[in-house]
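Residue numbers (our numbering): 374 to 724.
Glycine included, C-beta positions come from ideal geometry on N, C-alpha and C.
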């Protein structure tokens, strides 16, 4: 693998930050990673918006992308990714200390929206002196952020890549989120003021989420029992898989952050205060590449096509995959081919 020069940084905004819900954060910390070198003209920036439980280290969670010759080539581009507001990976969130109390926020952390997340990252972009980017790219909740940014600041991105995402939170996705919150609420420790609170409930929530991320085809393909059945009729391979996935998130995430981020997902509606979703999409100036996954249960190709139908300069491609919504992580080669072709067509002034 190509050696990646990356750095983790922290940006501290020492003024009150007013949220869409009306409450304010006394200050902000934003954790972000950069890869590659910023050109003297600052014209080689690719800004990545990450999904729900990811962090700002793109190379960590998006395998095969931040590499020489790939669409996030650090030899060509200055790649920036910032951790979202409400997360537990360094940006201000429920596990951060509330400066007014000297204690972590935990469940007192206010409700944040996708727009709040983007406004926080706009402050970071200003701090870095980045007024425009070659490409803004995001998948899933990362795509929510990209869409908001493209509407809020139409001249910021020349090109946008929006993958497995939607212009609003649809009832189907919100229903999964509510079921996950219900699972967290059944954990008797949720509400206690410590980092381990609610983790068992969150593990159950994650196993619910995985059903929506993968879908039946993916499960039947990857979790089929061996041809020779186990001695016990109650043993199935998928049982340990569900528990393993829950345990994996339990080890790396926080239940208060997870709960708030699910609510942030639900807040997403590009048309709020802008007439309609269609009108908001029509205001986007960036050239856009839309990518859907054929078996995505959360954002089927028809939802992604709706976005493409309304962004004036856009193209939509569907990746054929059995891996559902998670296809954007699994099908990195197919994705790379699509994005490289888009880059070569649109960004050919970059060496």
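{"Check": "Excluding five sequence neighbours on each side, which residues of the same chain lie with their C-beta closer than 8 Å to the C-beta of residue 633?", "Outcome": "459, 466, 467, 482, 484, 485"}
{"Check": "Would you call the CB atoms of residue 425 and residue 513 closer than 8 Å?", "Outcome": "yes"}
{"Check": "Whole angstroms is fine: what's the gap from residue 521's alpha carbon to residue 576's?", "Outcome": "30 Å"}
{"Check": "Less than 8 Å between the beta carbons of residue 533 and residue 661, yes or no?", "Outcome": "yes"}
{"Check": "If you draw a straight line from the alpha carbon of residue 455 to that of residue 562, how long is it in whole angstroms?", "Outcome": "30 Å"}
{"Check": "Can you give, in chain order, each stretch of the alpha helix (DSSP H) that sits fully within the region 645–697 and has at least 4 residues?", "Outcome": "650–655, 674–683"}
{"Check": "Whole angstroms are fine: how far does the CA of residue 445 sit from the CA of residue 707?", "Outcome": "14 Å"}
{"Check": "Under the DSSP definition of a beta bridge, which residues are partnered with residue 512?", "Outcome": "536"}
{"Check": "Near residue 396, which residues of its chain fall below 7 Å by C-beta distance, leaving aside the five closest residues on each side in sequence?", "Outcome": "483"}
{"Check": "Determine, using beta-carbon pairs with one atom in the region 660–677 and one in the region 697–713, whether at least three such pairs fall under 8 Å.", "Outcome": "yes"}
{"Check": "On the three-state DSSP scale, how would you describe residue 524?", "Outcome": "helix"}
{"Check": "When DSSP labels each residue in this structure, what does residue 494 get in the three-state scheme?", "Outcome": "helix"}
{"Check": "Cα-Cα, which of 690, 462, 387, 625 is closest to residue 535?", "Outcome": "690"}
{"Check": "Please classify residue 573: is it buried, with 16 or more other beta-carbons within 10 angstroms of its beta-carbon, or exposed?", "Outcome": "buried"}
{"Check": "Assuming residue 579 and residue 619 form a contact by the criterion Cβ under 8 Å, report the distance between their Cβ atoms to the nearest whole angstrom.", "Outcome": "5 Å"}
{"Check": "Measure from the alpha carbon of residue 505 to the alpha carbon of each residue in 636, 527, 517, then state which is nearest.", "Outcome": "527"}
{"Check": "So residue 401 is in the beta strand (DSSP E); what residue range does that whole segment cover?", "Outcome": "401–408"}
{"Check": "Helix, strand or coil for residue 455, going by three-state DSSP, please let me know.", "Outcome": "strand"}
{"Check": "What would DSSP say about residue 724, mapped onto helix, strand or coil?", "Outcome": "Unreliable placement is indicated for residue 724, whose pLDDT of 35 sits below 50; the coordinate value is still reported in the next sentence. Correct three-state label for residue 724: coil."}
{"Check": "Checking 8 Å against the spacing of the C-beta atoms, do residue 671 and residue 585 come in under that value?", "Outcome": "yes"}
{"Check": "Would you kindly check if the distance between the Cβ of residue 393 and the Cβ of residue 489 is under 8 Å?", "Outcome": "yes"}
{"Check": "Using a 10 Å radius around the Cβ and a threshold of 16 neighbouring Cβ atoms, would you call residue 615 buried or exposed?", "Outcome": "buried"}
{"Check": "Between residue 476 and residue 470, what straight-line distance do the alpha-carbon atoms span, to the nearest angstrom?", "Outcome": "5 Å"}
{"Check": "Hey, residue 511 and residue 421: beta-carbon distance below 8 Å or not?", "Outcome": "yes"}
{"Check": "Put residue 375 into one of helix, strand or coil per three-state DSSP.", "Outcome": "A caution first: residue 375 carries a pLDDT of 40, below 50, which makes its placement in the model unreliable, though a value can still be read off. Coil, per DSSP."}
{"Check": "Within the same chain, show all residues whose beta-carbon is closer than 8 Å to that of residue 694, passing over the 5 residues directly before and after it, in chain order.", "Outcome": "666, 667, 668, 700, 703, 704, 707"}
{"Check": "Looking only at its own chain, which residues have a Cβ that is under 7 Å from the Cβ of residue 497, when we skip the five neighbours before and after it?", "Outcome": "384, 403, 405, 455"}
{"Check": "How should residue 418 be labelled, buried or exposed, when 16 other C-beta atoms within 10 angstroms of its C-beta is the threshold for buried?", "Outcome": "buried"}
{"Check": "When DSSP labels each residue in this structure, what does residue 599 get in the three-state scheme?", "Outcome": "coil"}
{"Check": "Helix, strand or coil: which one does DSSP assign to residue 385?", "Outcome": "strand"}
{"Check": "Using the C-alpha atoms, what's the distance from residue 523 back to residue 499?", "Outcome": "16 Å"}
{"Check": "Which residues in the same chain as residue 681 place their Cβ atom closer than 8 Å to its Cβ, once the five residues preceding and following it in sequence are excluded?", "Outcome": "661, 663, 687, 688, 689"}
{"Check": "With 16 other CB atoms within 10 Å as the buried threshold, where does residue 538 fall?", "Outcome": "buried"}
{"Check": "Please state the DSSP three-state secondary structure of residue 547.", "Outcome": "helix"}
{"Check": "Closest by CA to residue 409, which one among 674, 431, 617?", "Outcome": "431"}
{"Check": "Quick one: give me the first and last residue of the alpha helix (DSSP H) that residue 435 is part of.", "Outcome": "Residue 435 -> no alpha helix (DSSP H), and no H or E assigned at all."}
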